[in-house]
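Q:
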Amino acid sequence: LLLLLHIEYTPASVYKLQEILKSNVKKCNESSALTLEIPSDLTKTRYLCPHCDQISKTPTECSNNCSSNKKDDIQIVKPHIFLPFNIHIQLQQILSREKRICFHDSTSTETDKGFMTGITEGQRYLAVAKEATTDDKTKFISLIMNVDGVSIRNKTDASLWIFTLAILEIHRSNRFRMENIVVAGVSLGYKKPSKKIINLMLTPIVEQLKLLQDHRQYLIGSKNELIRAFLITSCSDKPANCMIQGIPEPTSFYGCSNCEIHGISALANLNAKPNTRKATTTVRVFSTTELHNWPTRRNATNYYFYLNKYASLIKNSRLSADHIRDATMDYISPCLLLDLKYFEYSSGFLIDTLHTIYHGIWKRLLRLWFNEESKKEIWSLCSQKKKIDLKLNYLKFPTTTVRTPRSISRYEKLKANELRIVLLVAFPILREFLHEKYYQHAQLLTTSISIAENRTIKNENVMLMQHLMNKFIDCFETMYMLRHVVQTVHSALHLPQSVLDFGPTFGFSTFSFESILEQQEYRLQIRVLQECTFDHGKCENVTSKVVWKTAECTVF
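Counting the sequence shown from 1 gives a position; my numbering is that position plus 85.
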């Protein structure tokens with residue numbers, strides 16, 4: 086009948102109709118195979134015992150036969166409650182909604198521009214893009230991870246740990262908006278999690294990310310497209326970074342997350358009275374002044390070699406902890422992120438300007454200049470505080486300034502944004518107060534950071550930045566004594582490499598993650614308290630009692 090009526094696109098015969106139906110069934114099967122359903126066990130709430138570092142079946146006490154069952158011997162701490170979330174669904178929602186997203190053009194023949202304006206022009210990103218599109222021309226998105234801890238009650242160790250992801254292909258102005266951030270997981274616990282606990286939390290997240298590395302269908306605009314997702318780097322504060330990287334605390338002998346430099350112990354209080362406790366207190370320092378060879382950069386090859394070596398040496402009870410530490414470069418714990426296709430051990434852990442520069446080396450300089458204990462030193466500015474504050478009050482700050490700096494005498498309590506403005510804008514004020522030699526030395530740092538914070542960075546300026554930073558760190562020891570070359574000071578050496586790999590620091594700094602973390606706190610508080618418990622499975626109404634405070638890194 087359809088043929089007699091000359092209906093357009095009518096199959097010529099029953100056989101043609103069967104072929105069309107079979108073809109449609111095949112397409113539906115292929116489509117369903119590309120539509121991912123995350124296994125339920127990867128988004129299931131987990132209870133992690135802080136005593137035995139294993140998964141528990143109950144949220145109130147450990148269900149394993151561990152030391153927490155011996156209630157007379159130790160103080161019982163309830164298991165961590167970890168909620169992994171569905172990453173795929175969140176990516177689908179973001180990609181279907183976000184308009185300002187620019188996928189890598191695999192057909193582009195453009196060579197190196199000679200400058201960088203964002204993460205997608207960094208060397209590491211371009212290397213990943215080239216490898217990902219060599220044999221497969223389909224689109225991909227790249228992700229950056231941040232892990233951060235939040236204190237939820239005063240005078241307790243109770244904390245909330247949040248695992249977040251951001252899509253690097255989204256325009257920078259929209260990249261870190263609340264609606265474009267993927268919350269991969271949230272943990273509630275009554276003490277700081279150990280490295281083993283963090284790995285148990287990362288396991289379902291990494292397993293989900295592995296599934297997303299294959300082709301999956303996403304709605305982009307008005308059509309479905311095949312897209313792959315890769316986690317290629319992370320940027321966190323130092324305590325969180327050492328846990329996900331599988332290295333010791335930042336204050337240990339091998340505390341640098343980027344190189345294998347061996348730290349040494351130096352007296353922390355050089356002016357302390359003899360025969361007192363302060364006189365024998367030591368601090369870990371990392372001097373590069375007299376090194377003949379530059380420390381080896383941490384890499385996956387050394388990681389696998391020394392981790393296997395550590396596993397064999399730890400079984401030998403006759404070996405001291407110091408011997409094992411020096412023999413294995415302190416590669417002491419697995420790094421689960423290395424299971425991902427394009428996550429690299431060296432470039433995968435970026436230097437963060439918030440904790441390393443502004444709350445790290447820059448605050449240390451301010452402490453040296455304005456601390457009463459240093460008032461007899463040639464670099465001291467203790468007697469000039471009022472004059473400097475007066476100059477600071479008359480300074481005109483950029484209209485984009487988020488927070489105007491308070492009095493310089495309150496340098497210990499200044500927020501990172503205030504410290505950033507003092508370094509980048511107000512530093513020239515110190516020229517007439519600070520000794521010329523020390524001013525020129527600090528200028529090496531301010532110039533380097535100005536380059537790193539620039540919206541457009543020429544490739545040759547990255548080399549200049551590296552030269553200035555090397556000079557600054559090498560002279561730091563002779564200027565302010567070895568005791569002050571701590572891990573945060575040394576880490577600044579590796580910032581130029583992070584810039585070379587992923588472009589200007591505004592694209593990956595934890596400044597952006599910290600701002601969204603504040604927005605997430607109240608929402609996560611409500612959601613976690615609905616699904617978790619503070620007391621024997623009963624959700625208490627403690628919303629108004631919880632005090633939120635973002636955890637910040639402090640290295641002695």
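Every residue, glycine too, gets a C-beta built ideally from N, C-alpha and C. A quick note: this is a predicted structure, and the numbers were derived from the prediction, not measured.
Quick check on V627: does DSSP put it in helix, strand or coil?
A: Here V627 scores only 37 on pLDDT, less than 50, and its place in the model should not be relied on; the value that follows carries that caveat. Note: V627 maps to coil in three-state DSSP.
Q: Out of S148, H520 and T223, point me to the one whose CA is closest to N309's CA.
A: Looking at the Cα atoms, T223 is the closest of the given residues.
Q: Spatial neighbours of P175 within its chain, please: CB distance less than 8 angstroms, with the 5 preceding and 5 following residues excluded, ordered by chain position.
A: Note that residue 175 corresponds to Gln in the displayed sequence, not to Pro. Within the same chain, Q175 has close Cβ partners V267 and V268.
Q: Nearest CA to the CA of I473: which residue from D220, Y443, F338 and F512?
A: When each option's Cα is compared against that of I473, the closest is F512.
Q: May I ask you to list the residues that DSSP assigns as paired with A351?
A: According to DSSP, A351 bridges with V368.
Q: Using only CA atoms, which one of N384, V370, H569 and L250 lies nearest to W454?
A: Of the listed residues, the one whose Cα sits closest to W454 is H569.
Q: So for A97, helix, strand or coil by DSSP?
A: Note: A97 maps to coil in three-state DSSP.
Q: Measuring from the CB of L453, is there a heavy atom of the ligand SAH at a distance below 7 angstroms?
A: This structure simply doesn't include the ligand SAH, nor any ligand for that matter.
Q: Taking only the alpha-carbon atoms, compute the straight-line gap between N149 and H165 and give it to the nearest angstrom.
A: One C-alpha to the other measures close to 14 angstroms.
Q: Taking 7 angstroms as the limit between beta carbons, can you name the residues of its chain near N326, skipping five residues before and five after?
A: The residues are S342 and F434.
Q: Which runs of the alpha helix (DSSP H), 4 residues or longer, sit entirely within the region 399-424?
A: For the region 399-424, whole alpha helix (DSSP H) runs of length 4 or above, ordered along the chain, are 406-413.
Q: For P144 and A314, what's the separation of their Cα atoms in angstroms?
A: Their backbone Cα atoms lie some 33 angstroms apart in a straight line.
Q: Measuring CB to CB, does L580 end up less than 8 angstroms from M554?
A: Taking 8 angstroms as the Cβ cut-off, L580 and M554 qualify as a contacting pair.
Q: For the region 584-595 against the region 199-215, are there 3 or more C-beta pairs whose distance is under 8 angstroms?
A: Yes, the region 584-595 is in contact with the region 199-215.
Q: Can you say whether I399 is buried or exposed, counting buried as having 16 or more other CB atoms within 10 angstroms of its CB?
A: It is exposed - the Cβ of I399 has fewer than 16 other Cβ atoms within 10 Å.
Q: Quick check: the Cα distance between L475 and S227, rounded to an integer number of angstroms?
A: Taking the straight line from one Cα to the other gives about 47 angstroms.
Q: Among the residues of its own chain, which have a CB less than 8 angstroms from the CB of R65, if the five just before and after it don't count?
A: The chain is shown only over 86 to 641; residue 65 falls outside these bounds and no answer can be derived.
Q: How long is the line joining the alpha carbons of L451 and M548, rounded to whole angstroms?
A: Their backbone Cα atoms lie some 27 angstroms apart in a straight line.
Q: Could you check what DSSP says for T573 in three-state terms: helix, strand or coil?
A: Reduced to three states, the DSSP call for T573 is helix.
Q: Buried or exposed for R403, going by 16 or more other Cβ atoms inside 10 Å?
A: Its Cβ having fewer than 16 others within 10 Å, R403 is exposed.
Q: With a 10 Å radius around its C-beta and 16 neighbouring C-beta atoms as the bar for buried, classify D322 as buried or exposed.
A: Answer is buried; the Cβ neighbour count reaches 16.
Q: On the DSSP letters alone, give me the boundaries of the alpha helix (DSSP H) that P289 sits inside.
A: From DSSP, the alpha helix (DSSP H) with P289 extends over K280 to L297.
Q: Should T318 be labelled buried (16 or more other beta-carbon atoms within 10 Å of its own) or exposed?
A: When all chains shown are included, T318 counts as buried.
Q: At the level of alpha carbons, what is the spacing between K215 and D221?
A: About 10 angstroms.
Q: Apply the 10 Å Cβ neighbour rule to A468 and answer buried if 16 or more other Cβ atoms are within range, or exposed otherwise.
A: It is Ser, not Ala, that sits at residue 468 in the sequence shown. Result: exposed.
Q: Give me the Cα-Cα distance between F225 and I186, rounded to the nearest whole angstrom.
A: Each residue's alpha carbon lies about 12 angstroms from the other.
Q: Alpha carbons only, please: which of F482, R495, I446 and T218 is nearest the one belonging to K470?
A: Of F482, R495, I446 and T218, the residue nearest in Cα terms is R495.
Q: Just to confirm my understanding: we take W464, look at its own chain, exclude 5 residues before and 5 after, and list those with CB closer than 8 angstroms. What are they?
A: So the list reads L453, W454, L519, H520, Y523, M564 and Y565, once near-sequence residues are dropped.
Q: On the DSSP bridge list, what partners appear for T644?
A: Past the edges of the chain, shown from 86 to 641, lies residue 644, and the structure says nothing about it.
Q: Just confirm the distance between the C-beta atoms of F248 and M230, as a whole number of angstroms; I'd bet it's less than 8 angstroms.
A: Contact flag correct, Cβ pair sits at about 7 angstroms.
Q: Helix, strand or coil for R488, going by three-state DSSP, please let me know.
A: Correct three-state label for R488: coil.
Q: By the 10 Å Cβ neighbour count, where 16 or more other Cβ atoms means buried, how is Q582 classified, buried or exposed?
A: By the neighbour-count rule (16 or more Cβ atoms within 10 Å), Q582 is buried.
Q: Which partner residues of G274 appear in the DSSP bridge assignment?
A: Looking at the DSSP assignment, G274 forms a beta bridge with S244.
Q: With burial defined as no fewer than 16 other Cβ atoms inside 10 Å of the residue's Cβ, what is the status of V213: buried or exposed?
A: Buried is the call here.
Q: Report yes or no: do the region 503-511 and the region 533-542 share at least 3 C-beta pairs separated by less than 8 angstroms?
A: Judged by Cβ distances under 8 angstroms, the region 503-511 makes contact with the region 533-542, as three or more pairs qualify.
Q: Could you please give me the residues that DSSP links to C344 through a beta bridge?
A: Per DSSP, R382.
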